[in-house]
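Chains as they are written, first to last, in UniProt numbering: chain A, 1 to 348; chain B, 1 to 282; chain C, 1 to 294.
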Amino acid sequence: MATVDLKDVKKVYPGGVEAVKGVSIAIPDKQLCVLVGPSGCGKSTLLRMIAGLETISAGTCSIDGKVVNAIGPTERDIAMVFQNYALYPHMKVYDNMAYGLRNRGMPKDEIDKRVRATAQTLELAHLLERRPRELSGGQRQRVAMGRAIVRSPKVFLFDEPLSNLDAKLRGQMRVEIKNLQRQLGVTSVYVTHDQLEAMTLADVLVVMNAGLVEQLGAPLDIYEKPASTFVASFIGAPPMNLLPLRSGQLEGAVSLPAIPTNAATIGFRPEDCEVGADGAAAEGGLRLMARVQGVEPVGAESFLYCEAAGGRIVVRVPGRTAVAVGDQLPVLTRREKLHFFGGDGKRV
Amino acid sequence: MIDNSPIRTFIAHLVLVLGILIVAFPIYYTFVASTHSLQTILRPPLPLLPGDRFVENYSEALFGGVGRIGGVSVATLLFNTTVVALGIAIGKIIISLLSAYAIVFFRFPLRMTFFWLIFITLMLPVEVRILPTYKVMVDFGLIDTYAGLIVPLIASATATLLFRQFFLTIPGELVEAARVDGAGPWRFFWDILLPLSRTNIAALFVILFIYGWTQYLWPLLVTNRNDMNTIVIALRKMISFADADTEWHLVMVTSMLAIVPPILVVVLMQRWFVRGLVDTEK
Amino acid sequence: MSPRVVFPNKILPYLLVAPQLAITLIFFYWPASQALRQSMLREDPFGLSSKFVWFANFKKVLSDPNYLNSIQVTAVFSIATAAVAMGTALLLAVMAEKVIRGRGVYRTLMIWPYAVAPAIAGMLWLFLFNPSIGSLAYGLRWLGINWDPLLDGEQAMALVVAAASWKQISYNFLFFVAGLQAIPKTLIEAAAIDGAKPTKRFWTIVFPLLAPTTFFLLVVNTVYAFFDTFGIIHAVTGGGPGKATETLVYKVYNDGFVNLILGDSAAQSVILMVIVIALTAIQFRYVEKKVHYG
């Protein structure tokens, strides 16, 4: 059981490229922290620094209150699940799981007990004698998890562990990972570029961009109060609609609420829009005329792709819709569902 | 599958059988000759079927000590050749594995210099540096020793390049997983790299064993004593075409004994051999 | 691809490359540098002193009619060997691709000569074609051919070419089979639908697609004919009759070890070195291409 503390951690590669530019995160015991961001944002580098696979250029990384900058991955008591699983192809499932324990000199019967118990938990018991190439993608993923769990380390590190699975299996494994992590109560760091995975798994969500933390907090807090236009457009699918303000005005807006003086961008989520609604709900809210350019019915809801106020917006409407391409629609958003961002992209 | 007409298939088989005849006939005929008496061989044409002197000829060659090469038995020659072929194959594999491991899995100053130094040896076959290499052997006192026959031939750019290429295909995550699992460089080498290289090692072993067994120029240079000869060199010494006193039946037996072990290795390990051969040259 | 994952050790890698490096330096680089030095020295007749003569040895070697003869012999020998060995192997490989039954058996029988030492290959052929006891020589004479490779230079050449190509057929066969198998069957089917007859299909589709393999084998066979066939020449003809089969490598050996003309032999070594470097460079240009395109 452990906390993970990053203090102003930096990574500079020999060529001078700065991959992580000073990141501080404190992960409380037993919590699952998800690092999310576009590729190249430094999230994997950060994870590998926690693992001890990359040296830390500046700052400190502590596990359980102890600075681990100088010690190797073996001594950090961490376990890692890799994107392509990194199972040893020549070893049976059993040996894949036992290898780390053997290297630590654990007695044979203890190893056997642990491997079998873990295999039971993960429903791998019948696969112990197989080799990795005889397993399906989902099974390999489980073995990779098993290899991490069997060690009962202080910290789990996940490097995009689900990205090689198909969508259905991914959803299933997401739930399973979350349950396992809760059940085992092991502090975890999880890297992904998939915002859905990030939202559903995280106790602590860290949105990263260009080597820096954009926002850190509980997933729903971040969803409701994105700290910047970057976070607003990264978290949520489809992303938040963002329209530029020109000297406090929105071109083509029918009615506009009071706007903070230094706001440069107005934002609202597709799911917070109402179409054609009138009357009291509209008081103090935003009202726009939108021209429909595309309609995507997906069953439970439909997405309308529109042009409004000199930009493009997406509007979500429940169920089927009679709206057709070319229609002009009034789109309304309540005052409390509006977000404002300054010229630097930060929330105001 | 197109073009399956019976006539074409028949022609194909015919050509192949002819090819096999050309390829296998010299070897078969050597076997036939090795089972006939000297008198029969000296009066051509030789029969197409084996004779009745199999046991006599082979036991004379193996245990009798063949006259022309100073009373050294074929058994000694076979032993020498086996030592040389195994020594070269195993030695090459070991030092190539180690150097390829260093070059791929470590970063250190002069790494690329070393790589190129090894690589360039491809361009320096024995044939282009015969005399000075011979002088080095004399200076080290390696003439007529197993070390002299083996060591200079075990530095091989080809094997190092093959292992390097294979190591580069091993995903970095596997190395990281091993490190997280508590494996240092040696453990990684023994527990993971070596088992993964098994097929490559087997393939290379066949090729290098043949290479070692069939060496000619080098053993010719560094052996003077008859009892240090390899079987190929000894054979050459047994033959004198101008003379009538070549004991052809024994020469044929010796030829068979020189040919059969490497053929067995190639045929029995065919699967690895074919893959290895095509891979090495990629 | 992410940068290669490595171990952080500082000393271990040096220990790992040490054995190979030591052998390479002692048995490759030192002798090669000595050959270079030697090639510019000339010893007095008693071997007591030597003086630096720049490129005089090269000039002497390159104007020596015997050496020019040797170049010609090597060229004829290499071209003939490569042509015979590759032509036969290609024909057999194409046929082996056509048949379904017995493919494995054919391959197994076809790879035997690979395991036979070149010198022994030479001796087997000489045994078959030896004018006094060779059964096939007997056959040739019965056909009215005046066969004696020990006296007739052209026949001697034919004999060593036969032995050298025979030994190399296996190797070429395996590569041509691999090359043929790499050609997508759909291409050949498409050509068939386009109305090309089998022979036409071979020359317009299969052969061009096989070009990389063919080119590669051409280089390998040339290197083989230059260097690895020393045993055949040494065991079968000894360069004779009358230098008719004296190849460059055989001449280096002969001048250095038998005639003891050190400067000349070293100069010849250096010339050979240049040839190998050129051949290797060509080979690696090919390898590079292969890496890029597949």
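Backbone N, C-alpha and C fix where the C-beta goes; we use that ideal spot for every residue, glycine too.
message: If we require 4 or more residues per run, which alpha helix (DSSP H) segments fall completely within the stretch 37 to 91 of chain B?
response: Within the stretch 37 to 91 of chain B, the complete alpha helix (DSSP H) runs of at least 4 residues are 38 to 42 and 54 to 63.
query: Between which two residues does the beta strand (DSSP E) harbouring N200 of chain B extend?
result: Secondary structure note for N200 of chain B: it is in no beta strand (DSSP E), and the uninterrupted alpha helix (DSSP H) holding it is R198 to W213.
- prompt: Can you check whether the CB of V104 of chain B is closer than 7 Å to the CB of F167 of chain B?
  reply: The beta carbons of F167 of chain B and V104 of chain B sit closer together than 7 Å.
query: Is the Cβ of F230 of chain C closer than 7 Å to any Cβ of chain B?
result: Judged by the 7 Å Cβ criterion, F230 of chain C is in contact with chain B.
task: Indicate whether the contact test is met: 3 or more Cβ pairs, each with one atom in the stretch 45 to 61 of chain B and one in the stretch 246 to 258 of chain B, closer than 8 Å.
output: With the rule of 3 Cβ pairs closer than 8 Å, the stretch 45 to 61 of chain B counts as touching the stretch 246 to 258 of chain B.
- request: Please check if any C-beta of chain B sits within less than 7 Å of the C-beta of T247 of chain C.
  value: It does not; no Cβ of chain B falls within 7 Å.
query: In terms of alpha-carbon separation, which member of A:V93, A:E271 and A:Q215 lies closest to P239 of chain A?
result: Comparing Cα-Cα distances from P239 of chain A to each of A:V93, A:E271 and A:Q215, the minimum goes to A:E271.
message: Does H292 of chain C come out as helix, strand or coil in the three-state DSSP assignment?
response: Only weak support is given to the placement of H292 of chain C: the predicted model assigns it a pLDDT of 38, under 50, and the value that follows is read from those uncertain coordinates. In this structure, H292 of chain C counts as helix in the three-state DSSP scheme.
message: Please classify N57 of chain C as buried or exposed, where buried requires at least 16 neighbouring CB atoms within 10 angstroms.
response: By the Cβ neighbour-count rule, N57 of chain C is buried, with 16 or more other Cβ atoms within 10 Å of its own.
query: In the DSSP assignment, what are the bridge partners of R312 of chain A?
result: R312 of chain A pairs with A:E307.
message: Just to make sure I have the definition right: I need the residues of chain B whose C-beta is within less than 8 Å of the C-beta of K10 of chain C. Which are they?
response: Residues of chain B passing the Cβ test: F108.
- request: In the DSSP assignment, find the unbroken alpha helix (DSSP H) run with A190 of chain C in it and report its ends.
  value: From DSSP, the alpha helix (DSSP H) with A190 of chain C extends over K185 to I193.
Chain A residues whose Cβ lies nearer than 9 Å to that of A183 of chain B: Near A183 of chain B (Cβ distances below 9 Å), the residues of chain A are T74, Y99, G100 and N103.
field: Q293 of chain A in three-state terms, based on DSSP
entry: DSSP places Q293 of chain A in strand when its eight states are reduced to three.
message: Quick check on the DSSP output: the alpha helix (DSSP H) that includes T169 of chain B runs from which residue to which?
response: Neither: T169 of chain B is in no alpha helix (DSSP H) and is coded neither H nor E.
task: Could you tell me whether the Cβ of F28 of chain C comes closer than 7 Å to any Cβ of chain B?
output: By this cut-off, F28 of chain C is an interface position.
Proximal residues of chain A, C-beta to C-beta of residue 313 of chain B below 9 Å: Lying outside 1 to 282, the shown extent of chain B, residue 313 of chain B is not represented and no answer is given.
task: Express the C-alpha separation of T245 of chain C and I233 of chain B in angstroms, rounding to a whole number.
output: Taking the straight line from one Cα to the other gives about 20 Å.
- request: Reducing DSSP to helix, strand and coil, say where S50 of chain C ends up.
  value: Here S50 of chain C sits in strand by DSSP.
field: Distance between V222 of chain B and T145 of chain B (C-alpha atoms, nearest Å)
entry: Answer to the nearest angstrom: the Cα atoms are 8 Å apart.
task: Could you work out which residues of chain C lie near L149 of chain B, taking near to mean beta carbons separated by less than 9 Å?
output: Those within 9 Å of L149 of chain B in chain C number zero; the least Cβ separation is about 12 Å.
field: Neighbouring residues, chain C, relative to Q39 of chain B (Cβ below 9 Å)
entry: Annotation: Q39 of chain B has no Cβ neighbours in chain C at a cutoff of 9 Å; minimum Cβ distance is about 11 Å.
- prompt: With 16 as the cutoff for other CB atoms within 10 Å, does residue 285 of chain B come out buried or exposed?
  reply: Within the shown structure, residues of chain B are numbered from 1 to 282, placing residue 285 of chain B beyond reach of any answer.
message: On the DSSP letters alone, give me the boundaries of the alpha helix (DSSP H) that M80 of chain A sits inside.
response: Counting along the chain, M80 of chain A falls outside any alpha helix (DSSP H), though it belongs to the beta strand (DSSP E) covering I78 to V81.
Residues, ordered as in the chain, of the stretch 46 to 57 of chain A that lie near chain B by beta-carbon distance below 7 Å: The residues in question are A51 and L53.
M1 of chain C, DSSP secondary structure in three states: Interpretation of M1 of chain C is limited by its pLDDT of 33, a score under 50 that renders its predicted location unreliable; the figure taken from the coordinates is listed afterwards. In the structure shown, the three-state DSSP call for M1 of chain C is coil.
message: Applying the 10 Å Cβ sphere with the 16-neighbour rule, what's the burial state of W166 of chain C?
response: By the 10 Å Cβ count, W166 of chain C comes out buried.
message: 7 Å is my cut-off, CB to CB: does S5 of chain B come that close to chain C?
response: With its beta carbon at least 7 Å from every one in chain C, S5 of chain B lies outside the interface.
task: Just the chain B side, please: which residues come within less than 7 Å of Y224 of chain C by C-beta, in chain order?
output: Below the 7 Å Cβ cutoff, chain B contributes no neighbours of Y224 of chain C, its closest Cβ being approximately 11 Å away.
query: Taking a cut of 7 Å between CB atoms, which residues from the stretch 91 to 107 of chain C lie near chain B?
result: Those would be L91, L92, M95, A96, K98, V99 and Y106, in chain order.
- prompt: Any C-beta of chain A sitting closer than 7 Å to the C-beta of V267 of chain B?
  reply: So, not an interface residue.
- request: Please list the partners that W213 of chain B has in chain C, where partner means a Cβ-to-Cβ separation under 8 Å.
  value: Here the neighbours are A115 and A117.
task: Compare the Cα-Cα distances from I201 of chain B to each of B:L217, B:L97 and B:V126 and report the closest residue.
output: For I201 of chain B, the nearest C-alpha among the options comes from B:L97.
- prompt: According to DSSP, which residues form a beta bridge with K59 of chain C?
  reply: K59 of chain C pairs with nothing; no bridge assigned.
message: Using a Cβ-Cβ distance cut-off of 7 Å, determine whether F303 of chain A contacts chain B.
response: Under the Cβ distance rule, F303 of chain A does not count among the residues neighbouring chain B, no pair being separated by less than 7 Å.
- prompt: Is A203 of chain B close to chain A, meaning its C-beta is less than 7 Å from at least one C-beta of that chain?
  reply: So, not an interface residue.
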